[in-house]
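Numbering (the working numbering), first residue to last: 1 to 517.
We put the beta carbon where it would ideally sit given N, CA and C, even for glycine.
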């Protein structure tokens with residue numbers, strides 16, 4: 001079965017939706033006004049004009065119909081009286097008598113024509129016209145009967161023609177009066193409706209708009225004083241609630257702002273106090289460093305001076321040339337330490353950003369050999385032999401800071417003591433034996449076997465850390481072949497350390513190669 005909605009005609013749906021669309025278009029035009037008063041006038045004025053105009057149109061139509069009905073009744077009465085009056089003249093066919101009796105009836109302005117015929121239909125009298133250009137013609141016809149003895153006999157017929165021109169003229173004059181009256185009535189109704197609108201809606205809206213404008217201009221939030229139970233009163237009550245809520249929010253915000261300002265002031269005072277304390281501590285630190293630097297320079301100057309005396313053998317030979325070399329090392333180290341102390345004196349300039357290091361051109365080979373000489377005691381104690389080799393692509397001289405270069409001298413001294421238990425071995429792949437333990441017999445080919453001398457790789461000159469080769473006893477596992485030397489990548493991409501015999505290290509600061517065997 002088909003539902004009732006499926007049987008509906010599309011034209012019916014369109015006709016039902018058309019008034020709704022018209023109403024929507026009308027409301028959209030009303031909403032374009034910037035004032036509620038103007039919108040109200042735009043709505044009420046057409047309605048009042050339509051209602052008043054419709055009322056007066058209906059009144060005029062009813063008045064016209066009543067006038068036409070009275071005219072028709074008048075026509076019937078005139079027909080009845082004239083048919084009786086003209087009966088003898090028509091029966092006798094006396095045209096003079098017919099004219100004398102019929103013509104006076106034309107004095108009536110509504111009567112425009114009198115037509116008399118005999119029983120055979122021949123015209124006996126013809127007065128006036130059947131049509132009029134000023135209005136609509138109303139025709140009436142009645143028989144003329146004459147009492148000829150025993151009964152009434154038909155002598156002829158009487159036809160009267162009346163016009164509604166008088167009714168139309170009175171209707172036109174009356175319409176002008178009605179239009180003027182309708183205009184006055186519409187204006188009165190509109191003004192009355194406007195006064196009622198101002199009293200019921202306009203006044204509370206003005207109060208509401210006034211409160212909104214004052215709030216927008218920065219005045220304190222005020223509530224609108226209005227009482228009632230209608231929709232406008234409910235809107236005003238909602239606005240008052242919103243005002244109270246915003247007032248509470250603003251008060252809380254002001255309290256939070258005041259509290260925040262107080263906290264900021266307290267924090268500012270604390271920060272100023274901390275800054276003053278930090279400055280005082282910094283001044284105390286600078287004074288302490290200056291005093292300590294001056295205190296340290298006195299014994300260092302003595303050490304450097306006596307080392308130079310021993311090196312130059314001013315009071316006689318020392319007996320062994322190594323003593324002179326050691327005295328040079330003591331003097332160089334003391335000079336380096338004195339430079340560090342001088343840097344402490346320049347701490348204030350460094351904190352202010354005014355410390356500019358003085359670069360100088362140094363010989364790379366000489367600096368490397370001096371670093372080895374600084375570790376000569378550890379080398380001799382370990383029984384190792386040091387060989388220095390510099391790559392061909394390394395420049396002979398390098399522009400750098402002398403203090404920074406001297407800071408790398410103790411690095412070999414930190415690396416040499418760890419070479420006693422470290423070995424690096426690189427056999428061919430076919431000769432890799434299996435380890436049977438953490439140690440192996442000498443000559444077995446296993447790097448765990450010891451103590452046959454093997455080359456060792458020292459760490460980078462910029463960082464002193466222990467170097468442990470893949471063939472060290474701690475890196476071997478029972479029954480596993482020794483690992484081949486691998487290439488390790490440091491955190492910086494410009495440095496690579498390769499564990500292999502004849503270890504070579506490259507650095508962008510100081511490029512050198514050291515082999516220890």
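**OP:** Determine which residues share a DSSP beta bridge with residue 153 and list them.
**Re:** 146
Original post:
What does DSSP give as the partner residues of residue 162 in its beta bridges?
Top reply: 111 and 138
**OP:** May I ask you to report which of helix, strand or coil DSSP gives residue 428?
**Re:** With a pLDDT of only 34 at residue 428, under the threshold of 50, the placement of this residue in the model should not be trusted; the figure read from the coordinates follows. DSSP places residue 428 in coil when its eight states are reduced to three.
Subject >> Cβ contact (3+ pairs, closer than 8 angstroms) linking the segment 80-89 and the segment 138-156 >> reply: yes
Original post:
For residue 98, which option in 107, 117 and 343 has the closest C-alpha, if you only look at C-alpha atoms?
Top reply: 117
**OP:** Helix, strand or coil for residue 320, going by three-state DSSP, please let me know.
**Re:** coil
Subject >> Unbroken alpha helix (DSSP H) run spanning residue 50, endpoints >> reply: 36-85
Subject >> Residue of 186, 237, 221 and 79 minimising C-alpha distance to residue 247 >> reply: 221
Original post:
Between 319, 312 and 122, which lies nearest to residue 329 when the distance is taken from Cα to Cα?
Top reply: 312
**OP:** Given a cut-off of 8 angstroms, decide if residue 258 and residue 293 are closer than it, judged by their beta-carbon atoms.
**Re:** no
Subject >> Per-residue burial, residue 319 [other beta carbons within 10 Å of its own, 16 or more giving buried] >> reply: exposed
Original post:
Going by other Cβ atoms of all chains shown within 10 Å of its Cβ, with 16 needed for buried, is residue 251 buried or exposed?
Top reply: exposed
**OP:** Decide if the segment 133-148 is in contact with the segment 63-82; the criterion is three or more beta carbon pairs, one per stretch, under 8 angstroms apart.
**Re:** yes
Subject >> Which of helix, strand or coil DSSP assigns to residue 217 >> reply: coil
Original post:
DSSP three-state call for residue 362: helix, strand or coil?
Top reply: strand
Original post:
Run through DSSP, which three-state label would residue 483 get?
Top reply: Residue placement at residue 483 is flagged as unreliable, the pLDDT there being 40, under the threshold of 50; the coordinate-derived value follows with that caveat. Correct three-state label for residue 483: coil.
Original post:
Can you name, in chain order, every residue of its own chain whose Cβ lies under 8 angstroms from the Cβ of residue 227, other than the five neighbours on each side?
Top reply: 233
Original post:
When the Cα atoms are used, what is the spatial distance from residue 452 to residue 322?
Top reply: No answer about residue 452 holds up, because its pLDDT of 37 lies below 50 and its placement is not dependable.
Subject >> Run of the alpha helix (DSSP H) containing residue 305, from where it starts to where it stops >> reply: 231-312
**OP:** Note down the Cα distance separating residue 141 from residue 159, rounded to an integer number of angstroms.
**Re:** 4 angstroms
Original post:
Can at least three beta-carbon pairs, one atom from the segment 49-68 and one from the segment 160-180, be found at a separation below 8 angstroms?
Top reply: yes
Original post:
For the 8 angstroms Cβ check, are there 3 or more pairs between the segment 201-213 and the segment 181-189?
Top reply: no
**OP:** Classify residue 128 as helix, strand or coil using the three-state DSSP reduction.
**Re:** strand
Original post:
Roughly how many angstroms separate the alpha carbons of residue 129 and residue 120, rounded to a whole number?
Top reply: 22 angstroms
Original post:
Is residue 163 buried or exposed, if buried means 16 or more other CB atoms sit within 10 Å of its CB?
Top reply: buried
Subject >> Range covered by the beta strand (DSSP E) that runs through residue 96 >> reply: No beta strand (DSSP E) contains residue 96, which is instead part of the alpha helix (DSSP H) from 95-102.
Original post:
So, helix, strand or coil for residue 389, using DSSP?
Top reply: strand
**OP:** Taking 8 angstroms as the cut-off, decide whether the C-beta atoms of residue 104 and residue 166 are in contact.
**Re:** no
Original post:
Taking C-alpha atoms, which residue in 331, 296, 298 and 297 lies nearest to residue 309?
Top reply: 331
Subject >> residue 180 versus residue 52: straight-line alpha-carbon distance, rounded >> reply: 11 angstroms
**OP:** Determine the contact status of residue 345 and residue 287, defining contact as a CB-CB distance below 8 angstroms.
**Re:** no
Original post:
Which residue from 298, 366, 373 and 365 puts its Cα closest to that of residue 327?
Top reply: 373
Original post:
Count the other CB atoms within 10 Å of the CB of residue 260; is the residue buried (16 or more) or exposed (fewer)?
Top reply: exposed
Original post:
Which class does residue 343 belong to by DSSP, given the choice of helix, strand or coil?
Top reply: helix
Original post:
Taking just the CA atoms, how far does residue 256 sit from residue 47?
Top reply: 57 angstroms
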